[in-house]
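Chains as they are written, first to last, in the working numbering: chain D, 45 to 411; chain W, 771 to 1116; chain A, 72 to 218. Glycine residues also receive a C-beta, built at the ideal position from the N, C-alpha and C atoms.
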């Protein structure tokens, strides 16, 4: 037993995607035991939410999955609007879909670039970020900030989408697929990349379900589960798109799933951008000083599909202007729990590759 | 006439022994300066090239187009505090970066550069067995890496050193076998095939064309020797932080860094000498070094592109690749070259 | 209309060809223009909707403290300012600590008189101890703040 070398990987480590700490027991290069240790980015977001008005909580949700903040806002507002009884108008719902899907593309691009870095590919990272930058520039026009948008408000969105932004999005959608294929080919035509990922880190269907894994990782294991499909929120049921599924369950399948999700998101944005109806973009019930007078009573759980998986928000209201309890079911936290089972008895290099495909964002795990 | 004789012409008033001693010394210092400058230029080139591939601008603040950036970096590294881990083995820890650099610098001296205009030959030193000497000197570098990894008493460093050793043993045999093919082919034409200059003179047609397998093997071996992606398992930054050089800071780290770029340049120069005809080319009697330089720079740029676009291979897969693919291929190459040399009389 | 699509693995092909193709793709970018903006010399045109620096119209502020209440992390504090304003009887105006401000824009949204608002002025670098902008500083003209 004492032959094993104990190694603390992280929280300061180049490929720990933030502040994950892994306590490894190594047998030479081979990892025998893995214990993920989290909590280095804990900011008490759930408790902070209880101390602020409903309209302020969006700010904290922006900072959970900071690479896909629009999806977090959608997730919170699904719950909060149900609790407060403020229905967003049709136009706001379409704008939210466009914003959320654009942000899903951006989040997956960040993941793709970082995954390349994990494997030692230095350059595709920049091509991914150049494309992401274009999305962020659209978001600057749309919401006013680059990453922590606070764009969606209770009962709609803060600012209307303008024809100029629609043109910009259309332009982006037009040139993006070609660039995406170029980036994807850098990965998928590379024999070293394929040899390092094919058949590695296989997650069986049953294992994935029993660990509560969701999102692209679950779909890569052959379960066609996507909240957008199971329980459509916003206007997803009016859009035509596919949920990618793979039966392989390995690293490569997870890569392929995310790649296909980017393509499907492009498809969604392409459809949604032309279908945005006219009308008000916010509900006047939640405007101006009414923002902090919204009262909600009861319990609400809403789930949405963020770029990482099923993002659930549970809010309890006691009739006051502030929530009584907010709980977040963060997808990455559940996904991380499967790491010890998957990466056991693999080499360190494989562990890094498997971790890379999990798309860890620590703002969301530690909250 | 060569550079040494010209220098001796200046110092001949000191008498034969002392004059040669002084001119050797001056020549050595000159070489050191030129190589150091070349390496600095190469790091600058790398940073600019990498930046342009990634659609950035690269260093552009210090000096015109950032040309003085590397000098500034060197001063920064010199001025940095050298943090030594308290658990280190002192002697090997201090010696390791120097060993990496010394082996590299000495190997540069043996490469034939040809003659430049009126100066004459600027090759530093001649040896009848310079090929063997170069590879012997290059074999010093892995020892430095191993010492660095083991003496740091750091788990990452230890793993990095072990990986570096595993990598070295798996590519060096195919490398030497492909070198043997070159020497074998040259031995049919010249009497001293282990001398680099006669190797070049034997290349009526660049050996890279006659031995496509050989140049491929040698290139892979040089990539692995310089240890950049795809074969940088020894210092893989996303897995082992920085591998064997994890605990090094300041100037000692810079030695490893320079050693890596130096090996790329050395590998490219060697490859151009062994397989692309070295200094031979049009007007090679007056601009020989420029031909070496051009060929080396093209190879360096190819190496950089490889570095920047490929992912890292896993260590066990590389060992597998080395023994199961590279070694048989190098034997096939040897047989093919034998057929070419003996059967066809090339 | 939401379907399920099976994702196929990439096909096996001749080794090395794809890698060389990838290297060519990377090499191709050598001839494309850099996308970076050299900030102090080149400035990107910030869109009108970009929001950062908070401004205040002292004449319009009624001292209702709504912005203080809605600020998610307490960056806004009301300060007494000795100033004649018939609409602001309590003579209190907001100050903003930009060290903690997250530019969430809630103060602008909630302000009943549109006195407090965010603009695309973003060059507001300061030393550590002066992140808090007093109401008078917030009331400066936009052009005066721009560097």
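- Residue 348 of chain D: member of the beta strand (DSSP E) spanning 341 to 349, first to last residue.
- According to DSSP, residue 79 of chain D shares a beta bridge with D:67.
- Using a 10 angstroms sphere on the CB of residue 893 of chain W, the tally of other CB atoms reaches 16 or more, which defines it as buried.
- Within the stretch 991 to 1011 of chain W, the residues whose Cβ lies closer than 9 Å to any Cβ of chain D are, in chain order, 999, 1000, 1002, 1003, 1006, 1007, 1008, 1009, 1010, 1011.
- Burial of residue 933 of chain W is indicated by the presence of at least 16 other C-beta atoms within 10 angstroms of its C-beta.
- Collapsing the DSSP output to three states places residue 814 of chain W in a helix.
- Residue nearest to residue 318 of chain D within the set D:283, D:347, D:333, D:186 is D:283 (criterion: CA-CA distance).
- Flagged as an interface residue toward chain W: residue 164 of chain D, by a C-beta distance shorter than 7 Å.
- Apart from sequence neighbours up to five positions away, the residues of its chain that approach residue 1012 of chain W with a beta-carbon distance below 6 Å are 1005, ordered along the chain.
- Taken through DSSP and simplified to helix, strand or coil, residue 74 of chain D comes out as strand.
- Where residue 150 of chain A is concerned, the enclosing beta strand (DSSP E) starts and stops at 147 to 151.
- The beta carbon of residue 121 of chain A sits closer than 8 Å to the beta carbons of 191, 193 from its chain, once the five residues preceding and following it are set aside; these are given in chain order.
- At a cut-off of 7 Å between beta-carbon atoms, residue 98 of chain A makes no contact with chain D.
- One alpha carbon belongs to residue 408 of chain D, the other to residue 103 of chain D, and they sit about 13 Å apart.
- Using a C-beta cut-off of 8 Å, the stretch 1036 to 1051 of chain W makes contact with the stretch 978 to 992 of chain W, since at least three inter-stretch Cβ pairs fall below that distance.
- Under the Cβ criterion of 7 Å, residue 1083 of chain W is counted among the residues facing chain D.
- Nearest CB-CB separation between residue 393 of chain D and chain W: below the 7 Å threshold.
- At a cut-off of 7 Å between C-beta atoms, residue 91 of chain A does not count as an interface residue with respect to chain D.
- Taking the Cα of residue 179 of chain A as reference, the smallest distance to any Cα among D:333, D:322, D:269 is reached at D:333.
- When C-beta atoms of the stretch 184 to 199 of chain D are compared with those of the stretch 787 to 796 of chain W, fewer than three pairs fall below 8 Å, so the two segments do not count as touching.
- Comparing alpha-carbon positions, the option among W:1086, W:1028, W:950 lying closest to residue 808 of chain W turns out to be W:1028.
- Cβ neighbours of residue 1001 of chain W within its own chain (closer than 7 Å, five residues either side excluded): 937, 993, 994, 1083, 1088.
- Under the Cβ criterion of 7 Å, residue 797 of chain W is not counted among the residues facing chain A.
- Residue contact with chain W for residue 101 of chain A: present (Cβ-Cβ distance below 7 Å to some residue of chain W).
- By a beta-carbon distance limit of 8 Å, residue 1075 of chain W does not contact residue 90 of chain A. Their separation comes to about 11 Å.
- Here DSSP, grouped into helix, strand and coil, assigns residue 371 of chain D to strand.
- A distance of 7 Å or more separates the beta carbons of residue 213 of chain D and residue 1009 of chain W.
- For residue 122 of chain A, the nearest CB of chain D lies under 7 Å from its own CB, placing it at the interface with that chain.
- Under the three-state reduction of DSSP, residue 200 of chain A is assigned to helix.
- The contact set of residue 111 of chain A on chain W, defined by CB atoms closer than 8 Å, is empty, because the minimum CB distance reaches about 10 Å.
- Taking C-alpha positions only, residue 241 of chain D is separated from residue 294 of chain D by approximately 7 Å.
- Within chain D, the residues whose beta carbon sits less than 9 Å from that of residue 77 of chain A are 288, 289, 290, 291, listed in sequence order.
- Under a criterion of Cβ atoms nearer than 9 Å, the residues of chain D adjacent to residue 1079 of chain W are, in order, 165, 166, 167, 168, 230, 234.
- Within the DSSP secondary-structure output, residue 410 of chain D pairs in no beta bridge.
- Assignment of residue 287 of chain D by DSSP, reduced to helix, strand and coil, places it in the strand class.
- Comparing C-alpha distances from residue 799 of chain W to each of W:779, W:774, W:943, W:815 shows the shortest one belongs to W:774.
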